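For the record, the sequence lines run as chains R and C. So the first sequence is numbered by our numbering: it starts at 1 and just counts up by one. So the second sequence is numbered by our numbering: it starts at 1001 and just counts up by one. The beta-carbon is built from N, C-alpha and C at its ideal position, and this holds for glycine as well. Predicted model only: the values in this text are computed from it and were never measured.
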Amino acid sequence: AQKITQTQPGMFVQEKEAVTLDCTYDTSDQSYGLFWYKQPSSGEMIFLIYQGSYDEQNATEGRYSLNFQKARKSANLVISASQLGDSAMYFCAMREANNAGNMLTFGGGTRLMVKP
Amino acid sequence: EAGVTQSPTHLIKTRGQQATLRCSPISGHTSVYWYQQALGLGLQFLLWYDEGEERNRGNFPPRFSGRQFPNYSSELNVNALELEDSALYLCASSLWLGGVGNTIYFGEGSWLTVV
């Protein structure tokens, strides 16, 4: 089974509007961390936001917020007031506490295109 | 503060040759990770080094190898290159404090093309 599922291969959003990028995850661990990264066409992966499984508040970082619904195992990224520079691939990733390998497992990504 | 730096940015090699990619982590970070991002395949975990030791490797053949130096920089070697090795190779670094919250910071990647 996929550990991280991003069901939206591509999305359009109008500039200045908000957009939600979906991410669902699968784990039996109680302790895990969820991350979102942005990848512009240049290739660099840019860290956006982190949510721990025990965090009671949804994480926020500037225009980015994470809609964390633990029971539904979803960690959707919300981008408010979209800008043209937000056009990029967005990846959801997870690290599980019982993952001795310490690596992040990534979803397949969502390509966001912001329309002027 | 400098981020994760990788070199070369682009590399073109012939099938059967060897490629060496280099990575310098963020100052103070002891863990280095390598990921492969082939077209249409997402990010696949390759290797994790911490304090000079290989801690984990992904499901890749042994011709993918690497090492971490005493200054925590790292290199990834790919021997006997195959066409399907063409990909973006991303290096990342983090502190390793245990737990799940250590953020991994990526470099800009090295584009490897095998012809």
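Could you spell out where the beta strand (DSSP E) holding residue i opens and where it closes?
i: R:Gln6; result: Neither: R:Gln6 is in no beta strand (DSSP E) and is coded neither H nor E.
i: C:Asp1050; result: Gly1042 to Asp1050
i: R:Glu56; result: Where R:Glu56 is concerned, there is no enclosing beta strand (DSSP E), given that its DSSP letter is neither H nor E.
i: R:Asn99; result: Looking at the DSSP string, R:Asn99 is not in any beta strand (DSSP E), and its letter there is neither H nor E.
i: R:Gln14; result: Gly10 to Gln14
i: C:Gln1037; result: Ser1031 to Ala1038
i: R:Lys73; result: Element bounds for R:Lys73: n/a, residue is neither H nor E.
i: R:Tyr50; result: Ile46 to Gly52
i: C:Phe1064; result: Phe1064 to Gln1068
i: R:Gln39; result: Tyr32 to Gln39
i: C:Gln1017; result: Taken as a continuous stretch (DSSP letters only), C:Gln1017 belongs to no beta strand (DSSP E), as it is neither H nor E.
i: C:Asn1056; result: Glu1053 to Arg1057
i: C:Trp1096; result: Counting along the chain, C:Trp1096 falls outside any beta strand (DSSP E), and DSSP gives it neither H nor E.
i: C:Gln1006; result: Thr1005 to Ser1007
i: R:Arg111; result: Thr110 to Lys115
i: R:Leu21; result: Val19 to Leu21
Thinking C-alpha only, which one of the options is nearest residue i?
i: C:Pro1025; options: C:Tyr1072, C:Gly1040 and C:Thr1103; result: C:Tyr1072
i: R:Asn76; options: R:Val19, R:Gln2 and R:Lys3; result: R:Val19
i: C:Pro1070; options: C:Gly1028, C:Ser1086, C:Asn1077 and C:Ala1092; result: C:Gly1028
i: C:Thr1005; options: C:Ser1086, C:Leu1112 and C:Glu1075; result: C:Glu1075
i: R:Arg72; options: R:Asp86, R:Tyr25 and R:Leu21; result: R:Tyr25
i: R:Glu56; options: R:Lys70, R:Ile46 and R:Gly43; result: R:Lys70
i: C:Arg1067; options: C:Thr1009, C:Pro1008, C:Pro1061 and C:Cys1023; result: C:Cys1023
i: C:Leu1097; options: C:Glu1051, C:Leu1039 and C:Asn1059; result: C:Glu1051
i: C:Gly1099; options: R:Gly52, R:Thr27 and R:Gln8; result: R:Gly52
i: R:Gly10; options: R:Leu21, R:Gln2 and R:Lys3; result: R:Leu21
i: C:Asn1059; options: C:Gly1040, C:Tyr1035 and C:Thr1009; result: C:Tyr1035
i: R:Phe68; options: R:Asp86, R:Gly33 and R:Tyr90; result: R:Gly33
Would residue i pass as a contact of residue j if the rule is Cβ separation under 8 Å?
i: R:Leu66; j: R:Asn58; result: yes
i: R:Met124; j: C:Tyr1105; result: Here chain R has residues from 1 to 116 only, and residue 124 of chain R is not among them.
i: R:Gly109; j: R:Thr5; result: no
i: R:Ala88; j: R:Leu112; result: yes
i: C:Val1115; j: C:Thr1030; result: no
i: C:Leu1011; j: C:Ala1002; result: no
i: C:Gln1037; j: C:Leu1088; result: yes
i: R:Tyr54; j: R:Ser31; result: yes
i: C:Glu1047; j: C:Ser1086; result: Correcting the residue identity first, residue 1047 of chain C is Leu in this sequence and not Glu. No, Cβ-Cβ distance for C:Leu1047 and C:Ser1086 is not below 8 Å.
i: C:Leu1081; j: C:Gly1016; result: yes
i: R:Glu44; j: C:Gly1109; result: yes
i: C:Asn1102; j: C:Ser1094; result: yes
Considering only residues of the same chain and omitting the five flanking positions on each side of residue i, which have a CB-CB separation below 6 Å?
i: R:Asp29; result: Glu96, Ala97 and Asn98
i: C:Ser1065; result: Asn1077
i: R:Phe35; result: Tyr50 and Ala93
i: C:Asn1056; result: Trp1048
i: C:Leu1021; result: Leu1076, Tyr1089 and Ser1110
Sorted by chain position, which residues of the same chain lie with C-beta nearer than 7 Å to residue i's C-beta, five sequence neighbours on each side aside?
i: R:Arg63; result: Ile79, Ser80 and Ala81
i: R:Leu84; result: Glu15, Val114 and Pro116
i: C:Pro1008; result: Ser1110
Whose C-beta lies closer than 8 Å to the C-beta of residue i among residues of the same chain, with five residues either side of it excluded?
i: R:Val115; result: Sequence inspection shows Lys at residue 115 of chain R; the Val mentioned does not correspond to that position. These residues qualify, in order along the chain: Phe12, Val13, Gln14 and Glu15.
i: C:Pro1061; result: none
i: C:Arg1063; result: Val1078, Asn1079 and Ala1080
i: R:Thr7; result: Asp22 and Thr24
Does any residue of chain D bring its CB to less than 8 Å from the CB of residue i?
i: C:Asn1079; result: Of the protein chains in this structure, namely R and C, none is chain D.
Quiz item: Touch check for the region 38–46 of chain R and the region 8–15 of chain R: three-plus C-beta pairs under 8 Å?
Solution: They do not touch, by the three-pair rule.
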